[in-house]
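Sequences listed follow chains C and F, in order.
Convert by adding 498 to the 1-based position in the first sequence; the result is the number in my numbering.
Convert by adding 42 to the 1-based position in the second sequence; the result is the number in my numbering.
Heads up, the beta-carbon is just placed ideally off N, CA and C, and yes, glycines get one too.
Beneath this line is the structure, given in structure tokens, with notes to follow.
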Amino acid sequence: MRRFLLLLLMPSFASAATLVVDVRDARGAAVADAVVYALPEGRQFPPASRTAVMDQKNRTFIPHVLAVQTGTAVRFPNSDDIRHQVYSFSSAKTFQLPLYKGTPANPVWFDKSGVVSLGCNIHDRMSAYIVIVDTPHFGVTKKNGRAEVPTVGAGRYALHVWYPEMKDEPAAVPLTLAAADRKELTVTIRK
Amino acid sequence: MTLRSFQAKLVYLTVAVLVLLQAATLIAVHVAGQRTMRRGIGEELRVGSRVLDRLLAARGEQLSQTVRALASDFAFRETVAIGERPTITEALENHASRVHADAVFLVSLDGNVVADTLKGRYAGKPFPLPSLVREAEKRGKASAIVTFDEKPYQLVVVPVLGPRPIAWVSMGFEIDEPVLNDVRRLTSLDVSLRNPAAAHPLLVSTLRPEEGDDSQVLLHPLQTADGSRIEAVLQRSIAEAQRPYRRLELQIFALSTLALIAAVIAAFFFARGVARPLHRLSDAAQRIERGDYSTAVDIRQHDEIGTLAGAFNRMRTGIAEREEQIRLQATHDSLTGLPNRTLFFDRLSYAIADAKRNGGWIGMIMMDLDRFKDINDTLGHHFGDDLLIEIGRRLSQTLRESDTVARLGGDEFAVMFQVTDPRHAENVAQKIDAALESPFVLGGVSIEISGSMGITIFPQHAGDAATLMKRADIAMYDAKKNHSSFAIYEPGRDEHSLRRLAILSELRHAVARDELVLHYQPKIDVGTGRAVHAEALVRWNHPVHGPLGPDEFIPLAEQSGNISMITKWVLRKAITHCGEWNASGVELTVAVNLSALDLFDAELPTYISGLLSEVGLPASKLVLELTESAVMKDPSYALRILRDLKNRGVTLAIDDYGTGYSSLAHLKRLPVDELKIDKSFVLNLRNAATDDIVIVRSTIELGHNMGLRVIAEGVESAEAWQILKTLGCDMAQGYFVSPPLPADEFRVWIRKAQNGGGGFVPAAAPSF
């Protein structure tokens, strides 16, 4: 299925530009938990060595969608007083955390970009996504559908959008950013 | 027989009614049962089809759950998520065997078959039922019936979650006999599945091959997802469905049979209870019919039949008593207690029959009493009855025990006896005569009475009882006529008597048949020779016996009560003739004889006056002749009639004067004008020496002294004529003058006599 994006480009006024993306669905409603990330043209970022947290509270993964840069280690603390068994069959990272309580000793290292669909083997309803992108410039939309991607260096980027239950990835939006720019744009997706 | 048939009828009727009722019940039950059963089967089949659908749906649901559970197995999911095809196929087969799935497919999210347990036949190809995947996508699971290799399967599709759907796993379960057996268990229906498009349409069935005949069938197509046609055939064996009805019918039949037997027995005994006493009553009635009144009916029941039996017994004794009484009355005289005519006749017949076989003589005497009527009239009937009783007693005493004395009726008695010699019969009569000789003293009155007896003897006078009695009767009249106490029957008397009887019976028809004629005999004035009088004499031209004179039939007419009719006929005829002749110039007075009985007819004077005026003849032209004895029967009454006639101007004459016993004094009181000397005195008037002349002379003198005309009858000779003329007799009548002539001849004669000058001139010898 073919999808298209309608992008409204706004001028930016800083050297490290700030990118604000408003994701709307076809009816104009805000789309939460959508990951927006900008991949620079013609160059690659080295893998990050950061950590992130995917908490499990009240039999729910928090957050529902976690975006990380390739090379990020994610910890899976269990804030419930019952055990969870977190797994992923996704090709980006297949792993399994045997039944555990508290925080496992080792975080899971996501060294490959892609989408990892998380589940708990004893709670079929628990579901979350970790979106691994090859850029540090990414954001996740809040309930209002807006995501702020700060300190994006000036240059040409391709703006990608991912959201859960997405069938085909929407075409990336080419984007040129100047320094100290604050660029706000709205992406409309067909959900 | 009739009683038995009553019993049989009641039994038959009961059986018929019950059989009809029960047959109707059975038929109704059967028909209703069949209808209910058919309807029930139809309903069962419809329910069965719904059960089948529900069962398949439930099975689909259950299989979905099973497969879903299977698909959520972590290892399985892991294998599917990360394994290679051979591993996946192995896993599919492994899991299929766990849940007894017949086929398993792993379908990628893009709808292609990744792996299957059918030797990879579908691998890489699009999953044939994308609609099922779409449904599973929406509802998390889907199941449907499809056909693989001509067989029906329930195909289930569920997602493989990781935890988002990463693939679809589809498992097929053949719809096989256990499934159908479930339906059968629930519904008692046989279920078969057919694929009409297959080479062998029958796929699976709960029926064994030999079963399935005679059943009601419902064809129920299953809802398939791939458009293939699978038919469920639901069947209900009719025989099996009928079984409870059969049992019910059998029970009803058994009950009916029992009821029938009970009813037959009850009807039999009830009918016998009614029929038995009826039979006995019928027997008793037959006994009474035969004349056996001695046996009573012994039925002691306090119901209608008992009442009937009681009434029957009372009737039996009543009949017996009355029959005895009737028998006595029929055979005995109630007054004297002697056998009556019937019994006498029977005994006589019996005695004759006996004598015919064994020889011997039977004598019988018939007797009637002389003057009994006078005794009855003067001394009263009670006296007469007592006299009869006494006579009966004397007769019985006189005769032997073995003889029979009977009262035949009135004053008539009969006696029957056996004699060893016919001459002895007279002795019996003499003994009876002697027995009656001594006077009877009854109620202070002494009376003498005699009887006249006629005797007949078997076999010499007759060969049978009836003839013997009849001839005894004839002999008795002979005795009476001869004024003797008894007479033996003279052969030949009977024939005379027969002629009398014949005449008697025919007399009443004589007038109607116009067999009577009038003859006229002139009476001549002896002094002048004038012929102006005639006596009308009736003749009967009998068709068999020829012409009969009045002497022969007038007494019979008097006996039979026909005399009045004859007298009236004679009067009408004679007056008519006389009227005609007088009208034609002949001067004539006609005399008509009256019978003693005519004098009891108070209407006679009126009748005569009527006739005279009708014809136009003066009363003076009619003379009525009557005998002394006629007047003497009831003198006072006769006198009244005679005076009446006299007053009407009719001339009256005493006929046959000299034969009776009338006194002169009596004669004097009679209003008569003429006296006719009886011909017995005149016939022999030939010479002056006879006694008759004295009588004739004295009579003429007497008559003349009393102022009467004297007429002599039976003048048959010139000598008699001469003597009468000498004695001064007024008129003469007889063959010397003329015999009685038929009316036509007489008319000629009288015309000639009156026109011939001086009238009748007697010749020396009669010239006519």
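Near residue i, what residues of its chain come up, given a Cβ to Cβ distance below 6 angstroms and the 5 sequence neighbours on each side ignored?
i: F/A393; result: I404
i: C/H693; result: Coverage of chain C is limited to positions 499 through 689, which leaves residue 693 of chain C absent and any answer about it impossible.
i: F/D463; result: none
i: F/H584; result: L590
i: F/L222; result: V233 and T248
i: C/K641; result: A530
Got a sec: is the Cβ-Cβ distance from residue i to anything in chain C below 8 angstroms?
i: F/E192; result: no
i: F/A123; result: yes
i: F/I208; result: yes
i: F/A178; result: no
i: F/H137; result: no
i: F/S270; result: no
i: F/S150; result: no
i: F/G214; result: no
i: F/F147; result: no
i: F/E120; result: yes
i: F/P33; result: Outside the shown range of chain F, which is 43 to 810, sits residue 33 of chain F, and nothing can be said about it.
i: F/F169; result: no
i: F/G182; result: no
Assuming residue i and residue j make a contact with CB atoms under 8 angstroms, what is their CB distance in whole Å?
i: F/C620; j: F/L630; result: 6 angstroms
i: F/E716; j: F/V665; result: 7 angstroms
i: F/L709; j: F/A762; result: Contact flag wrong, Cβ pair sits at about 24 angstroms.
i: F/E219; j: F/V198; result: Incorrect: roughly 20 angstroms between the Cβ atoms, too far for contact.
i: F/L478; j: F/S492; result: 6 angstroms
i: F/A554; j: F/S391; result: Between F/S391 and F/A554 the Cβ distance is about 39 angstroms, and since that is not below 8 angstroms, they are no contact.
i: F/P205; j: C/D622; result: 6 angstroms
Residues in its own chain within less than 7 angstroms of residue i by CB, not counting five upstream and five downstream?
i: F/Y164; result: F147, V155 and D158
i: F/P592; result: L579 and V580
i: F/N355; result: A338 and V339
i: F/L653; result: L613, R614 and I617
i: C/S589; result: G612
i: F/F595; result: I545, L549 and W582
Report yes or no: is there a C-beta of chain F within less than 8 angstroms of the C-beta of residue i?
i: C/F543; result: no
i: C/D622; result: yes
i: C/S615; result: yes
i: C/S625; result: yes
i: C/N604; result: no
i: C/T592; result: yes
i: C/G608; result: Note on identity: in this sequence residue 608 of chain C is Phe, with Gly being the wrong assignment. With 8 angstroms as the cut-off, C/F608 does not count as an interface residue toward chain F.
i: C/N619; result: yes
i: C/F587; result: yes
i: C/R501; result: Reliability fails at C/R501, whose pLDDT of 42 lies under 50, so the model's placement of it is uncertain and no value is given.
i: C/L507; result: With a pLDDT of only 43 at C/L507, under 50, the local geometry of the prediction cannot be trusted, and the value read off the model is given with reservation. No, its Cβ sits nowhere closer than 8 angstroms to a Cβ of chain F.
i: C/L504; result: The predicted model places C/L504 with a pLDDT of 43, which falls under 50 and marks its position as unreliable, so this point remains unresolved.
Which residues share a DSSP beta bridge with residue i?
i: C/H658; result: C/Y535
i: C/Y598; result: C/H582
i: F/Y562; result: F/A578 and F/L783
i: C/E663; result: DSSP output for C/E663 lists no bridge partner at all.
i: F/A184; result: F/V199
i: F/M458; result: F/M406 and F/T446
i: F/G279; result: In the sequence as displayed, the identity of residue 279 of chain F is Ser instead of Gly. F/S279 pairs with F/S257.
i: C/A626; result: C/L616
i: C/P672; result: C/A656
i: C/P575; result: Bridge partners of C/P575: none, in fact.
i: F/V752; result: F/L717
i: F/P597; result: The partner list for F/P597 (beta bridge, DSSP) is empty, contrary to what the question assumes.
i: C/R644; result: C/D520
i: F/A774; result: F/I566 and F/A754
Enumerate in chain order the residues of its own chain whose CB-to-CB distance from residue i is below 8 angstroms, with the five nearest sequence positions on each side excluded.
i: F/L641; result: L668, A672, V673, K675, D676, Y679, A680, I683 and L684
i: F/F387; result: A507, A508 and M511
Taking 8 angstroms as the threshold (beta carbon to beta carbon), is residue i in contact with chain A?
i: F/G153; result: Although the question refers to chain A, the structure presented lacks it and instead comprises the protein chains C and F.
Inset, instruction - Run through the stretch 652-699 of chain F for me and flag every whole beta strand (DSSP E) of 3 or more residues, listed as ranges in chain order. - result: Listed in chain order, the complete beta strand (DSSP E) runs (minimum 3 residues) inside the stretch 652-699 of chain F are 664-669 and 693-699.
Inset, instruction - Let me know the alpha helix (DSSP H) ranges lying completely inside the stretch 383-421 of chain F, each 4 residues or longer, listed in chain order. - result: Within the stretch 383-421 of chain F, the complete alpha helix (DSSP H) runs of at least 4 residues fall at 383-400 and 414-421.
Legend entry - In chain order, each alpha helix (DSSP H) run of at least 4 residues that lies wholly inside the stretch 117-160 of chain F: Listed in chain order, the complete alpha helix (DSSP H) runs (minimum 4 residues) inside the stretch 117-160 of chain F are 127-141.
Inset, instruction - Could I get the ranges of all uninterrupted alpha helix (DSSP H) runs contained in the stretch 321-394 of chain F, with 4 residues as the minimum, in chain order? - result: Here the runs fully enclosed are 346-373.
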